[in-house]
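These notes are about the structure you will find just below.
What follows is the structure in structure tokens.
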């Protein structure tokens with residue numbers, strides 16, 4: 014099957030609604046659990062038939078679960094590049110599962126699939142046999158893990174996972190062995206960037222076992238002052254300890270960001286107001302926008318909304334622009350190629366239309 018957004022609640026993007034805690038600064042929280050099936054060759058050494066068998070077993074187990082019994086099975090092997098990249102842009106699948114690693118389109122593994130109800134889901138035959146995931150709006154580590162823990166328990170009744178008494182859950186990459194847990198928070202930090210405090214904060218996070226990446230995690234660049242903060246280790250600590258540690262650090266980063274914004278308002282109000290309104294003006298009236306330029310302008314407007322300088326644009330609308338102005342979304346909607354020269358003009362047109370509709374409301 015090809016991807017039909019109507020199969021999923023809100024197209025699989027319920028996390029965009031900005032309803033979660035600290036939604037002005039934290040866009041979303043994601044928690045993942047890596048698992049492999051006992052007695053099956055790990056994905057990196059599996060034959061196509063092995064991958065198909067794993068998918069069949071996971072699909073059977075999902076139908077016995079409360080959360081995924083009605084979830085569609087989205088088979089990435091049946092999808093073209095634009096559809097797979099669109100799923101990645103919606104943060105529903107990783108670059109690896111979508112076959113986007115490295116340069117160009119390398120294709121996908123046999124048996125690669127996504128099962129999701131729009132909040133919790135399972136990536137099948139990624140780096141590991143199974144990557145359970147939950148994506149929530151705002152800063153919601155405990156809520157996301159609670160949903161995922163229920164799914165892990167449900168699937169664990171039907172599937173035997175590879176587990177070692179000493180090392181915990183066994184994974185393809187040793188850095189995921191143990192709990193198999195990767196938790197991340199997508200956070201907007203323009204205040205720390207503008208006050209030039211961001212490098213110090215990021216160094217501090219690395220010293221306490223956390224790491225940062227760009228909008229789409231490992232291998233992605235930081236654009237628009239959006240940072241993904243996550244745990245680095247999964248071995249030797251419990252899931253609760255890992256989540257508590259990440260949560261404590263994220264709360265400190267939020268506090269630092271709020272302090273930085275206060276300093277900017279106090280010491281350079283005219284400079285900040287000019288930056289914010291220039292960004293808003295360009296988004297409202299530009300006729301051509303690159304992806305990176307759009308991300309940076311959205312960051313400026315988002316800061317303006319957070320500082321109450323702009324009152325007629327919602328964070329939800331800015332979140333939608335963050336996703337729907339990306340290349341695959343524009344190409345898919347217009348039935349164009351990813352390298353079509355008109356994409357920058359389509360991006361500007363879509364942005365103008367959405368902001369005009371927002372102001373009219």
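Residue numbers (this note's numbering): 14 to 374.
For each residue, glycine too, the CB sits at the ideal point set by N, CA and C.
What's the C-alpha gap between residue 163 and residue 206? 38 angstroms
Spatial neighbours of residue 87 within its chain, please: CB distance less than 8 angstroms, with the 5 preceding and 5 following residues excluded, ordered by chain position. 14, 16, 20, 100, 126, 127, 128, 129
Which same chain residues end up closer than 7 angstroms to residue 186 when comparing Cβ atoms and leaving out the 5 residues on each side of it in sequence? 140
Below 6 angstroms CB to CB, which residues in the same chain sit around residue 345 once its five sequence neighbours on both sides are set aside? 95, 99
Going by DSSP, what residue range makes up the alpha helix (DSSP H) through residue 364? 356 to 373
With a cut-off of 9 angstroms, does the C-beta of residue 365 fall near any C-beta of chain D? This model lacks chain D altogether, as it is built from one protein chain only.
Please give me, in chain order, every unbroken run of the beta strand (DSSP E) with length at least 3 that falls completely inside the stretch 160 to 230. 194 to 201, 223 to 226
Could you tell me the distance, in whole angstroms, from the CA atom of residue 117 to the CA atom of residue 341? Note that residue 117 has pLDDT 49, beneath the 50 cutoff, so the model's placement of it is unreliable and the number below is only indicative. Approximately 14 angstroms, taken between the alpha carbons.
Mind the definition here: the stretch 50 to 68 touches the stretch 194 to 204 only if three or more C-beta pairs lie below 8 angstroms; say whether that holds. no
Evaluate contact between the stretch 352 to 363 and the stretch 61 to 69, counting only Cβ atoms and requiring at least three cross-stretch pairs below 8 angstroms. no
Apart from the five residues just before and just after residue 103, which ones in its own chain have a Cβ nearer than 8 angstroms to its Cβ? 24, 25, 26, 336
My output table needs one value for residue 238: the three-state DSSP class, helix, strand or coil. coil
Counting only runs that start and end within the stretch 18 to 61, where is the beta strand (DSSP E) found for 3 or more residues in a row? 39 to 48
Under a Cβ-count criterion, where at least 16 other Cβ atoms within 10 Å of its own Cβ denotes burial, should residue 283 be classed as buried or exposed? exposed
CB residue 192 to CB residue 251, shorter than 9 angstroms? yes
How far does the alpha helix (DSSP H) with residue 149 in it extend, from its first residue to its last? No alpha helix (DSSP H) holds residue 149; the beta strand (DSSP E) holding it covers 143 to 150.
Between the beta-carbon of residue 309 and the beta-carbon of residue 244, is there less than 9 angstroms? no
I need the boundaries of the beta strand (DSSP E) containing residue 319, first residue and last residue. Element bounds for residue 319: not the beta strand (DSSP E) but the alpha helix (DSSP H), 304 to 319.
Can you tell me whether residue 152 is buried or exposed? The criterion is at least 16 other CB atoms within 10 Å of its CB, across all chains shown. buried
Drop a sphere of 10 angstroms on the beta-carbon of residue 178, count the other beta-carbons inside from all chains shown, and report buried for 16 or more, exposed for fewer. exposed
Through-space distance from residue 111 to residue 49, alpha-carbon basis: 19 angstroms
May I ask you to list the residues that DSSP assigns as paired with residue 129? 134
Taking the C-alpha atoms as reference points, what is the distance between residue 75 and residue 167? 8 angstroms
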